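Number of protein chains: 2
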Amino acid sequence: MRLFDYPMSGNGYKVRLLLAHLGRSYTYVPVDILRGETRTASFLEKNPNGRIPVLELDDGRYLAESNAILYWLSQRSPYWPDGAFDQAQVLQWLFFEQYSHEPNVATARFWLTVKKLENTAFNSELLKQKQAQGRAALEVMERHLSGRDFFVAGRYGISDIALYAYTHLANEGGFDLEPFAAIRGWLARVRSQPGHVTIHEWRAA
Amino acid sequence: MRLFDYPMSGNGYKVRLLLAHLGRSYTYVPVDILRGETRTASFLEKNPNGRIPVLELDDGRYLAESNAILYWLSQRSPYWPDGAFDQAQVLQWLFFEQYSHEPNVATARFWLTVKKLENTAFNSELLKQKQAQGRAALEVMERHLSGRDFFVAGRYGISDIALYAYTHLANEGGFDLEPFAAIRGWLARVRSQPGHVTIHEWRAA
Chain L
27 MRLFDYPMSG NGYKVRLLLA HLGRSYTYVP VDILRGETRT ASFLEKNPNG
77 RIPVLELDDG RYLAESNAIL YWLSQRSPYW PDGAFDQAQV LQWLFFEQYS
127 HEPNVATARF WLTVKKLENT AFNSELLKQK QAQGRAALEV MERHLSGRDF
177 FVAGRYGISD IALYAYTHLA NEGGFDLEPF AAIRGWLARV RSQPGHVTIH
227 EWRAA
Chain S
27 MRLFDYPMSG NGYKVRLLLA HLGRSYTYVP VDILRGETRT ASFLEKNPNG
77 RIPVLELDDG RYLAESNAIL YWLSQRSPYW PDGAFDQAQV LQWLFFEQYS
127 HEPNVATARF WLTVKKLENT AFNSELLKQK QAQGRAALEV MERHLSGRDF
177 FVAGRYGISD IALYAYTHLA NEGGFDLEPF AAIRGWLARV RSQPGHVTIH
227 EWRAA
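Line by line, the protein sequences are chains L and S.
Here the first sequence stands for residues 27 to 231, where the numbers follow our numbering.
Here the second sequence stands for residues 27 to 231, where the numbers follow our numbering.
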């Protein structure tokens, strides 16, 4: 397998973290999103939506969207639950992550830490909106995690992996996790899982 | 089953359309999102994220996120494919829909047609951004549908249902579908599926 990815990407890190848990070997292909490398004709053949991560299977097929890749890799593993309703709930949290969390928490971090936002009145108003909506998403997580160890079925799985990726970097987007005690406890439980790798320390096997 | 939903919502319409195809009966519970009815304590117990649609199962469990509901309802039906990689590709398009399509195509429609956008410099700049990003999403669909009848595995399924919901209403968000011939052909194929109901004509069975 080959993983096309940008090293600072939390969406890519989700996939690297699951691959580390699974002990799967793969080739890492860094793609520089800041230099337009996801918009070249050759990259658009892999993913017409021009985004990383993209997983290339050994038979040459491509799969895009970080959470679809998590689904694909987790099948028949302990990171995907057995029960049909548990599975649907995992997907509920994966869609929550991509709709309510990532566009706010990750985008604020991207602007502030990765890209360095151009400071215009429009951009700073937009950043304030993203941060307010990101806090609302963190509050939803906090409420759900109060009294629960993990997001679904009491067990660590791909909904935790997906939500961990940008939540543990939220401070880089200007979010303060101090008021979120349940989230902080959960972050520590995720970090203590066997085979955990950080966004900085992972290495393709 | 009970479906908590807002009649003009395309996200809700996805679920209504699949339920119509499946011939499943359910009780429709209208929720007025414009009057804050998704932010009451009783609604937040159903979905802490305060959004419709929410499906209540007969045993009282709740499931949120339109595309997670599509997944749940489509299992062991012709609208969910058998092959593992086809399944992963369905999810790829469902995540594309919630990340790259809905926040732009549906949001532009919501502002212009449902909520009537307050016309400030900030909002009109934001609308222009949404429309540019929405056109980019439509271009990704157009490229994929050129030479294909449906999104995955040559067969109508939940990725088509999810993407149809707001694409067929794109004009209400200021999008012109005239240049998108492959999309227009696909919209007609979706409309001709047995059991199709429009967003206006559906009725809870």
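Where a beta carbon is used, it is the ideal one built from N, C-alpha and C, also for glycine.
All values reported here derive from a predicted model rather than from experimental measurement.
Close beta carbons around residue i, own chain, < 6 Å, minus the five adjacent residues each side
i	result
H194 of chain L	L213
L99 of chain S	L44
G221 of chain S	A46 and H47
Y105 of chain S	G183 and I184
Y54 of chain S	L29 and A230
Q219 of chain S	Y182
Cβ neighbour criterion (16 or more within 10 Å) applied to residue i
i	result
G183 of chain S	buried
K40 of chain L	buried
S35 of chain S	buried
R217 of chain L	exposed
G38 of chain L	buried
Cα-Cα separation, residue i to residue j
i	j	result
A114 of chain L	A94 of chain S	6 Å
F136 of chain L	G199 of chain L	7 Å
L171 of chain S	L153 of chain S	26 Å
A158 of chain S	Q155 of chain L	20 Å
I209 of chain S	E165 of chain S	9 Å
A132 of chain L	A132 of chain S	21 Å
R65 of chain L	P74 of chain L	9 Å
D175 of chain L	Y190 of chain L	13 Å
H226 of chain S	S68 of chain S	28 Å
G86 of chain S	N145 of chain L	49 Å
G211 of chain S	A162 of chain S	19 Å
A147 of chain S	P129 of chain S	20 Å
P205 of chain L	Y192 of chain L	17 Å
S92 of chain L	W119 of chain L	13 Å
G173 of chain S	R42 of chain L	34 Å
Own chain partners of residue i with C-beta closer than 7 Å, once the 5 adjacent residues on each side are dropped
i	result
E149 of chain L	Sequence check: residue 149 of chain L is Asn here, not Glu. Closer than 7 Å at Cβ, skipping near neighbours: L143.
L70 of chain S	G76
C-beta atoms of residue i and residue j nearer than 9 Å
i	j	result
P79 of chain S	R181 of chain S	no
E168 of chain L	A207 of chain L	yes
Q124 of chain L	F121 of chain S	yes
Y97 of chain S	V57 of chain S	no
R215 of chain S	V223 of chain S	no
Same chain, Cβ closer than 8 Å to residue i, five either side skipped, listed in chain order
i	result
K6 of chain L	Not covered by the structure: residue 6 of chain L. The range shown for chain L is 27 to 231.
A196 of chain S	V131, R135, G160, L164 and L203
D112 of chain S	V178 and A179
Residue of the options minimising C-alpha distance to residue i
i	options	result
R28 of chain S	S:Y52, S:D58, S:N37 and S:L48	S:Y52
L233 of chain S	S:G49, S:L45 and S:R77	Since the first residue shown for chain S is 27 and the last is 231, residue 233 of chain S is missing from the structure and cannot be characterised.
A110 of chain L	S:A158, S:D112, S:G109 and S:R102	S:R102
H127 of chain S	S:D186, S:D85, S:R65 and S:N75	S:D186
A116 of chain L	L:T139, L:A188, L:F201 and L:N145	In the sequence as presented, Ala is not what sits at residue 116 of chain L; that position holds Val. V116 of chain L has its Cα closest to that of L:A188, out of L:T139, L:A188, L:F201 and L:N145.
T139 of chain L	L:R42, L:G38, L:G49 and L:F201	L:F201
D84 of chain L	L:Y105, L:S92, L:E63 and L:R50	L:R50
K141 of chain L	L:R42, L:G62 and L:G173	L:G62
Chain C within 9 Å of residue i, Cβ atoms only
i	result
V166 of chain S	Checking the listed chains, one finds no chain C in this structure; the protein chains it contains are L and S.
Residue i: CB within 8 Å of a non-hydrogen atom of the ligand ADP
i	result
V41 of chain L	The ligand ADP is not among the ligands present in this structure, which contains no ligands whatsoever.
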